[in-house]
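*Asks:*
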Amino acid sequence: MFLKAAKQHQPDLFLVQEPHVKKGKIAGIPKCWKSWLSKSGKAGIIALPACSTPVVLSAKENTMAIKITKNSKAFTIISSYSSPYANFREILDELTDLTTNINGEEYLIGGDFNAHSQRWGYRDEDSRGKQLQEFNAEKHILLLNSSDSPPTFEHNNRQGWPDLTMVSSHS
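So for the sequence shown, UniProt numbering puts the first residue at 1; every next one is plus one.
This is the structure in structure tokens:
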């Protein structure tokens with residue numbers, strides 16, 4: 001799956017949540033690709049050889065963060081995972097800590113938040129969705145998903161939009 005996507009889209013990075021992990025590493029990727037996991041192993045980042053000098057910033061329980069430089073500009077990349085059964089405040093606290101400590105640099109957050117909101121495709125809104133929208137408003141984070149985005153999860157007759165991509169709104 002990763003090889004096909006890499007060949008087709010030529011990304012520098014993949015942000016992954018709930019990856020298949022063997023012996024503490026993301027399974028099924030070429031040895032020349034670098035990868036990092038959160039402490040829980042549920043959020044990860046894969047850097048392809050085209051990604052120049054990624055630097056690990058933090059591996060927290062539910063988040064993994066690296067810094068990359070692209071066109072002489074530094075960016076922080078964060079992968080997050082929040083189980084539908086976990087305390088949602090924990091992931092928001094980790095994200096607050098990470099985004100506060102990067103000194104105004106631009107960042108991208110990709111994650112499986114298991115949060116419902118009509119803003120990103122669900123018919124309903126739950127407390128996680130409300131908390132995430134409040135967090136984004138408070139931190140001036142822009143959600144890249146839209147209400148008409150295709151589902152990011154499909155299984156049997158179920159579908160959902162738990163996977164979200166957000167960016168800082170620094171000018």
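Backbone N, C-alpha and C define an ideal beta-carbon position, used for all residues, glycine too.
Answer with buried or exposed for Glu-94, where buried requires no fewer than 16 other C-beta atoms within 10 angstroms of its C-beta.
*Replies:* buried
*Asks:* Which residue or residues does DSSP assign as beta-bridge partners of Phe-153?
*Replies:* DSSP lists Gly-160 as partners of Phe-153.
*Asks:* Is the CB-CB distance between residue 181 and Lys-42 below 8 Å?
*Replies:* Any question about residue 181 goes unanswered here, given that the chain covers just 1 to 171.
*Asks:* Assign Thr-100 to buried or exposed, taking buried as 16 or more other Cβ atoms, counted over all protein chains shown, within 10 Å of its Cβ.
*Replies:* exposed
*Asks:* Quick one: grab the DSSP three-state call for Ser-171.
*Replies:* Legend: pLDDT at Ser-171 = 44, less than 50; position of this residue unreliable, no value from coordinates given.
*Asks:* Rounded C-beta distance between Ser-58 and Leu-98? I'm assuming under 8 Å.
*Replies:* Correct: roughly 6 Å between the Cβ atoms.
*Asks:* Tell me whether Ala-43 sits in a helix, a strand or coil according to DSSP, three-state version.
*Replies:* Judged by DSSP in its simplified three-state form, Ala-43 adopts strand.
*Asks:* Can you tell me whether Gln-17 is helix, strand or coil according to DSSP?
*Replies:* If DSSP states are grouped into helix, strand and coil, Gln-17 belongs with the strands.
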